[in-house]
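These notes concern the structure reproduced below.
Residue numbers (the working numbering), protein chains in the order written: chain Z, 646 to 1069; chain A, 646 to 1069.
Listed below in structure tokens is the structure:
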């Protein structure tokens, strides 16, 4: 039987779903407000790393255009400040990779078009809902913008916050030496914030994405409130000063301060905040057609653990498989989808929300866990590779007893693996 | 780490769970009110068939003491009465088997004891709850009797009925010739009820379990309300008359009416009704220990499709695996259990409740489906083997569109497989 699938939004979830469906010959249309040519001149939307599980799906879809051999990174350095700072390293089993979405999304759009997908470039307004619903057997909503995105109510049980938990300042910078073995540098400055430095492929080549996760009311919040455009030089001086004070593991690789700036110009920075929320997985439109929430629409997570994009890609894959497998796109269909994607989606949210709280309050059992990681390479490796599998991380953090049991099991193993040098 | 597991109730779920845990060396205690020696003199508790998926688990547990080669049956004959009665047959892929639980349960209790399990024979009263909770790391509740069984509230969303949907009369009978190839005879008498005849191993050998599912207010309801003990001869005459009028496919194998009687005596009959209900999967006891609902306690189903015992056995297996696999028996543990057992448990309930409604109201699309089965052996086979997999049946019956798609896909296949003879 033929199925006509409409996808609202051309983010990672929508595009990967579209490509998945095209590989199975499904009739699929993406509706989005940005044409491929519009991306190069647009503001940085975020700085999303794709973990190995996501890269693996890209390979399966035939869109791994940025091989990890050239652009990937291999693990996480951790830095936890305080009177006695901790530094340690954990390896992935397979590398991650971060590409500027202003490159990634238009490239996947072209590929989707080449493979027979249809794209309609337009703004959707309220009056478009009924006509769109009439054209498709299923609508997949993966942008919060516009009338569809507003239809999915928050699930209070899984949406504990009513405001952003971090004041974000996210930018793509040049002037920070790449590590000889590429890795994320994940730093925490107790009482002030966290910062994730990601090896990041942007227009000019490899640069450094810096995700400043600033605690509201703390010393770093000013980074989210100071406009680059108002005085670029002052912003750079401010950022440099904060890096030197809070995040030395990144600051120590800025060799010439005059080189430190946004990599491609003033559009390379994004400031604001995200209120984490889990929303209803689906709704029934007036004509009886189902609309399924995907990616950020189903679950909005703070970027502190880099879970949003990977969760969206995973959910898109599951949704694609079920659309292909099932004859009837009804409530039972959604049950199958939810049964398969639900735990990972929810675990990404729960683990991220747990860490947002824990990194702010630093309870002793968590500090004990961090110290155990700093002494046990196998534990740090498992934690690092766990960024691929939020449901496994949640198995480890859902209660203090679980963390203790995991540490007791893993940290006892000895390991002499070398830590990649920080400065080559 | 050591885990101490307490199981309340020694039904199929509790015993299979206990045996599973003993195979992994877990410390496990069953608390029940009936000693192995009490069973032979007790009333028939029900007449449960174990489908192949359950027999497979019994083999894995080393308790398949009643091989299907000797006692199993191989498919279902269907009879749907009315002006133009339909008769057709569907095969299992692997045989089912029904053993009198007054034989099965005490045998499994002995085996559990032999393998190091502990059994405490006693009634549990309210004051026992706290002391029992203090002795275990997890309590599994698989009997509705007593204070534990009352703790699990109904889930209204999945409990649509507030009273029994059938007036049941369940007995073990002799005097009905066994089919040359053993099979269930599953009959429907529109407007009056359904009856399931099951080849049934009881104390004296193979007999026939008859499960009369009588519609409230219909011609057959009297079977649930007439006491055998009051006048055995009158009851037998009544049952014979109703069989001849409503269920000819069974009645035609009663060669000498004087042989037709309860197989072992007056305890071989059970009358009453079951209100289908789904209950909370778990609760937290006052001391923080979890109590998990299993089997009938989690979901009570009408016996019309024989789903209760098989669902309970499946859920026990999953629960056993998760108890063995997980270090910490907390809420996250229950999430894993529910994620794995939930769809089958709920599908057994939904499919059964759907059929209770549908067999009473006989909507045209359902009659169309029955006619399609009567003409397509592959469809009848898939439906019959589907008794093993209620979640697959629910995939087929969750909406009329799903049934139509399944029929269109399956019924087109041609098949010449022989139907086993009804009379040898």
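All C-beta atoms in this analysis are idealised placements derived from N, C-alpha and C, irrespective of residue type, glycine included.
Three-state class that DSSP yields for residue i in the structure shown
i                      : result
residue 1005 (chain A) : helix
residue 586 (chain A)  : No answer is possible for residue 586 (chain A): it lies beyond the span of chain A, which begins at 646 and ends at 1069.
residue 941 (chain A)  : helix
residue 776 (chain Z)  : helix
residue 719 (chain A)  : strand
residue 1069 (chain Z) : Unreliable positioning characterises residue 1069 (chain Z) in this predicted model, as indicated by a pLDDT of 42, which lies under 50. The coordinate reading is nonetheless provided below. Correct three-state label for residue 1069 (chain Z): coil.
residue 878 (chain Z)  : helix
residue 831 (chain Z)  : strand
residue 969 (chain Z)  : helix
residue 899 (chain Z)  : coil
residue 808 (chain Z)  : coil
residue 673 (chain A)  : strand
residue 905 (chain Z)  : coil
residue 927 (chain A)  : strand
residue 837 (chain A)  : coil
residue 1048 (chain Z) : helix
residue 1061 (chain Z) : Unreliable positioning characterises residue 1061 (chain Z) in this predicted model, as indicated by a pLDDT of 48, which lies under 50. The coordinate reading is nonetheless provided below. Looking at residue 1061 (chain Z) - three-state DSSP - the assignment turns out to be coil, as it is neither helix nor strand.
residue 724 (chain A)  : strand
Own chain partners of residue i with C-beta closer than 7 Å, once the 5 adjacent residues on each side are dropped
i                      : result
residue 663 (chain Z)  : 652, 673, 675, 757 and 762
residue 1042 (chain Z) : 996, 999 and 1048
residue 720 (chain Z)  : 734, 735, 736, 737, 828 and 1029
residue 936 (chain A)  : 784, 786, 793, 796, 927, 928 and 930
residue 704 (chain A)  : none
residue 990 (chain A)  : 943, 944, 956 and 960
residue 852 (chain A)  : 817, 818, 819, 845 and 908
residue 798 (chain Z)  : 924 and 925
residue 684 (chain A)  : 747, 750 and 751
residue 871 (chain A)  : 880 and 883
Closest by C-alpha distance to residue i, when choosing among the options
i                      : options                         : result
residue 981 (chain A)  : A:1022, A:717, A:1034 and A:927 : A:927
residue 805 (chain A)  : A:838, A:723, A:785 and A:921   : A:921
residue 693 (chain A)  : A:1015, A:658 and A:1052        : A:658
residue 894 (chain Z)  : Z:650, Z:759, Z:750 and Z:725   : Z:725
residue 810 (chain A)  : A:798, A:857 and A:847          : A:857
residue 1036 (chain Z) : Z:988, Z:952 and Z:713          : Z:988
residue 1033 (chain Z) : Z:888, Z:695 and Z:690          : Z:695
residue 743 (chain A)  : A:680, A:727, A:760 and A:715   : A:715
residue 977 (chain A)  : Z:887, Z:1007 and Z:1046        : Z:1046
residue 975 (chain A)  : Z:958, Z:1003 and Z:1040        : Z:1040
residue 728 (chain Z)  : Z:834, Z:916 and Z:780          : Z:834
residue 1057 (chain Z) : Z:1025, Z:1038 and Z:1031       : Z:1025
residue 875 (chain A)  : A:958, A:954 and A:911          : A:911
residue 938 (chain A)  : A:983, A:877 and A:878          : A:983
residue 802 (chain Z)  : Z:718, Z:994, Z:776 and Z:1003  : Z:994
residue 824 (chain Z)  : Z:899, Z:859 and Z:808          : Z:899
Sequence-distant residues of the same chain with beta carbon closer than 6 Å to residue i, five excluded per side
i                      : result
residue 1068 (chain Z) : Residue confidence is low: residue 1068 (chain Z) scores 49 on pLDDT, short of 50, so the model does not pin down where it sits. Its coordinate-derived value is still stated next. Closer than 6 Å at Cβ, skipping near neighbours: no residue.
residue 892 (chain A)  : 832 and 840
residue 792 (chain Z)  : 771 and 774
residue 745 (chain A)  : 847
residue 769 (chain Z)  : 791
residue 986 (chain Z)  : 960 and 963
residue 1061 (chain Z) : Because the pLDDT of residue 1061 (chain Z) is 48, which lies under 50, any placement of that residue in the model is unreliable, and the number read from its coordinates should be weighed accordingly. Answer for residue 1061 (chain Z): no residue qualifies.
Contact belief for residue i with residue j at Cβ below 8 Å, rounded distance in angstroms
i                     : j                      : result
residue 901 (chain A) : residue 820 (chain A)  : 7 Å
residue 855 (chain A) : residue 818 (chain A)  : 6 Å
residue 789 (chain Z) : residue 941 (chain Z)  : 6 Å
residue 918 (chain Z) : residue 1001 (chain Z) : Contact doesn't hold; Cβ gap of about 11 Å is too wide.
residue 904 (chain Z) : residue 767 (chain Z)  : With 8 Å as the limit, residue 904 (chain Z) and residue 767 (chain Z) do not qualify as a contact, their Cβ atoms being about 42 Å apart.
residue 666 (chain Z) : residue 650 (chain Z)  : 6 Å
residue 884 (chain A) : residue 868 (chain A)  : 7 Å
residue 755 (chain Z) : residue 681 (chain Z)  : 6 Å
residue 778 (chain Z) : residue 934 (chain Z)  : 5 Å
Same chain only: Cβ atoms within 8 Å of residue i, ignoring 5 sequence neighbours per side
i                     : result
residue 731 (chain A) : 723, 724, 725, 1015, 1016 and 1019
residue 648 (chain Z) : 671, 672, 782, 783, 968 and 974
residue 709 (chain Z) : 700 and 703
Taking Cβ-Cβ distances below 9 Å as the criterion, which residues of the region 963 to 976 of chain Z are in contact with chain A? 971, 972, 973, 975 and 976
To be precise: take each residue of the region 1025 to 1050 of chain A, compare its Cβ to all Cβ atoms of chain Z, and keep it if any distance is under 9 Å. Which residues remain? 1039, 1040, 1043, 1044, 1046, 1047, 1049 and 1050
Under 8 Å (Cβ pairs) to chain C, residues found in the region 938 to 951 of chain A: The structure shown contains no chain C; its protein chains are Z and A.
What residues in the region 984 to 998 of chain A have a beta carbon less than 7 Å from any beta carbon of chain Z? From the region 984 to 998 of chain A, only 984 and 988 have a Cβ closer than 7 Å to chain Z.
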